[in-house]
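Q:
Residue numbers (my numbering): 36 to 289.
What follows is the structure, encoded as structure tokens:
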């Protein structure tokens, strides 16, 4: 957490209290339903222009409010205010740390709605369309999961066993995480021994992709099957633990 760099400000609690009393309390409310209802853009602007804070304290408060904007406002608001922050915070090393922290939020390809934009563990990018095209002639079993999904991860031993039993068939297993945090995805991938598997990806635009909305991927685990011609024939395929899946995939791969 970059804000931990400011633990050395011995009166940090006092600074937070001053911010709340003289800035946050006076900021307008937004009509949101998730509990984050202050207009943090207004708070950011007031801190930046109306108060003569020392640079260290100003940086601390601006960074704190960029986090609030990221959590509670739109992606466009975040991108706009991060651009402002790059100019407002003069400490370039601090800005670089923030770019690492918000690497996913700053990646505009994650907001492309037409397809699923994917990233591998080396930060290489591709798309689900490209994966399907490359695998034509093979059946694809797609597994949507996330680091925080207990049932998803509990199913991985079954998936590994099934993948091994079908390794001589024309079948490809593709794992797509909808995690919002790249760090959480990488950590879970390593624990589940997916980090070296070539078809393990993080979906960068899971919140915006039309594909997920069209297929009503509202909960996980969720499985899909794409046939050898590249057609999505099972948008809600049998779970990896199901007895009929082995036979189904074998028949489709012939």
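Built from N, CA and C at the ideal position, the CB exists for glycine as well.
Quick caveat: nothing in here was measured; it's all calculated off a predicted structure.
Is residue 246 near residue 153, with beta carbons less than 7 Å apart?
A: In the chain shown, residue 246 corresponds to position 211, counting from 1. In the chain shown, residue 153 corresponds to position 118, counting from 1. Not in contact: residue 246 and residue 153 (Cβ atoms no closer than 7 Å).
Q: Please determine, among 83, 138, 201, the residue with the shortest C-alpha to C-alpha distance to residue 280.
A: Locating residue 280 in the chain shown gives position 245, counting from the first residue. Of the candidates 83, 138, 201, the one whose C-alpha sits nearest the C-alpha of residue 280 is 201.
Q: What number of angstroms, rounded off, separates the C-alpha of residue 135 from the C-alpha of residue 117?
A: Residue mapping note: residue 135 aligns to position 100 of the chain shown, counting from 1. Residue mapping note: residue 117 aligns to position 82 of the chain shown, counting from 1. Looking at the two C-alpha atoms, the distance is approximately 13 Å.
Q: When you compare only the Cα positions, how much space is there between residue 73 and residue 82?
A: The residue labelled residue 73 in the question sits at position 38 within the chain shown. The residue labelled residue 82 in the question sits at position 47 within the chain shown. Near 14 Å, if we compare the C-alpha coordinates of residue 82 and residue 73.
Q: Let me know if residue 224 comes out buried or exposed under the rule of 16 or more other beta-carbons within 10 Å of its beta-carbon.
A: Position 189 of the chain shown, counted from the first residue, corresponds to residue 224. Residue 224 should be labelled buried.
Q: Grouping DSSP H, G and I as helix and E and B as strand, with all else coil, what is residue 70?
A: As a working mapping, residue 70 is identified with position 35 in the chain shown. No answer about residue 70 holds up, because its pLDDT of 48 lies below 50 and its placement is not dependable.
Q: My parser needs the alpha helix (DSSP H) runs of 4 or more residues fully inside the region 103-179; what are they?
A: Within the region 103-179, the complete alpha helix (DSSP H) runs of at least 4 residues are 110-123, 127-136, 163-169.
Q: What does the alpha-carbon distance come out to for the pair residue 277 and residue 271?
A: To locate residue 277, count along the chain shown from 1; it is residue 242. To locate residue 271, count along the chain shown from 1; it is residue 236. Distance between the alpha carbons of residue 277 and residue 271: 13 Å.
Q: Between the alpha carbons of residue 162 and residue 127, how many angstroms are there, rounded?
A: Position 127 of the chain shown, counting from 1, holds the residue named residue 162. Position 92 of the chain shown, counting from 1, holds the residue named residue 127. Residue 162 and residue 127: Cα-Cα distance of roughly 33 Å.
Q: Mapping DSSP to helix, strand and coil, what is residue 239?
A: Residue numbering aside, residue 239 sits at position 204 when the chain shown is read from its first letter. In this structure, residue 239 counts as coil in the three-state DSSP scheme.
Q: Going straight from the alpha carbon of residue 212 to that of residue 140, what length do you get?
A: Within the chain shown, residue 212 is the residue found at index 177, counting from 1. Within the chain shown, residue 140 is the residue found at index 105, counting from 1. Going by the C-alpha atoms only, they are around 16 Å apart.
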